[in-house]
């Protein structure tokens, strides 16, 4: 059996460790380009609050700028929020990630498929302290994850129904996996917790530890 993990908010705590810092960076850049705010900290708190209920950081920036009547700064804000991650940033793995990956790697093949800029995604993985030797494959894409899943399946010569894909985004992470016949697990936390409909996934968990019961069930059913 092969288990493919998403990275952000599935193995590492992106929403708490990275997003606030990058949104602060974006706000500063927008201010330098003409955004008027009475108080930086209050403006940042507003942006972070909007982000809690947004599917993407760029959605939060869009809503924030619409409120401020400064939509023209959207591209500047988005470019900043997805720019290089500062070297000094601390990136933490999710609770139990290191232990679970070590345990699973002794029984199954593991892989990571993550979406974003390659340099940033690989930096996140390295700085999180997760042991990359646990993974037989690490792939970064800025496009459709489905193509990556299929490439790994073909490379490992494994049936799609023997592949589990775990991620927090149903549309980006899990629907492409479901289309090619993989078993899907929705990590319902951070932005993934905003998604209320799970009809398109096989299982739902709120922490990585929940995977153990699912794996036992999948193995028993097969």
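In this note's numbering, the protein residues as written are 942 to 1163. Glycine is no exception: its CB is placed at the ideal position from the N, C-alpha and C atoms.
According to DSSP, residues forming a beta bridge with residue i
i: residue 1080; result: 1054
i: residue 1105; result: 944, 1124
i: residue 949; result: 953
Bounding residues of the alpha helix (DSSP H) (the contiguous stretch that carries residue i)
i: residue 1123; result: Residue 1123 -> no alpha helix (DSSP H), and no H or E assigned at all.
i: residue 1131; result: Segment: none, residue 1131 is in no alpha helix (DSSP H) and carries neither H nor E.
i: residue 1061; result: 1059–1069
i: residue 1094; result: 1086–1097
Limits of the unbroken beta strand (DSSP E) element including residue i
i: residue 1146; result: 1144–1146
Alpha-carbon spacing of residue i relative to residue j, whole angstroms
i: residue 963; j: residue 1014; result: 16 Å
i: residue 1019; j: residue 1061; result: 15 Å
i: residue 1046; j: residue 1011; result: 49 Å
i: residue 981; j: residue 988; result: 10 Å
i: residue 1039; j: residue 946; result: 13 Å
i: residue 951; j: residue 1119; result: 18 Å
i: residue 984; j: residue 1032; result: 24 Å
i: residue 1050; j: residue 1157; result: 16 Å
i: residue 1075; j: residue 1042; result: 7 Å
i: residue 975; j: residue 1022; result: 17 Å
i: residue 1141; j: residue 1106; result: 13 Å
i: residue 1100; j: residue 1048; result: 17 Å
i: residue 1034; j: residue 1071; result: 7 Å
i: residue 1098; j: residue 1078; result: 14 Å
i: residue 1017; j: residue 1004; result: 14 Å
i: residue 1125; j: residue 1000; result: 26 Å
i: residue 992; j: residue 998; result: 6 Å
i: residue 1122; j: residue 1053; result: 18 Å
i: residue 915; j: residue 1149; result: For residue 915 there is no data in the structure shown, the boundaries of the chain being 942 and 1163.
(request) Enumerate, from N- to C-terminal direction, the unbroken alpha helix (DSSP H) stretches of 4 or more residues contained entirely within the stretch 961–1038. (result) 981–993, 998–1008, 1015–1022
(request) Report yes or no: do three or more beta-carbon pairs, one from the stretch 953–963 and one from the stretch 1064–1072, lie closer than 8 Å? (result) yes
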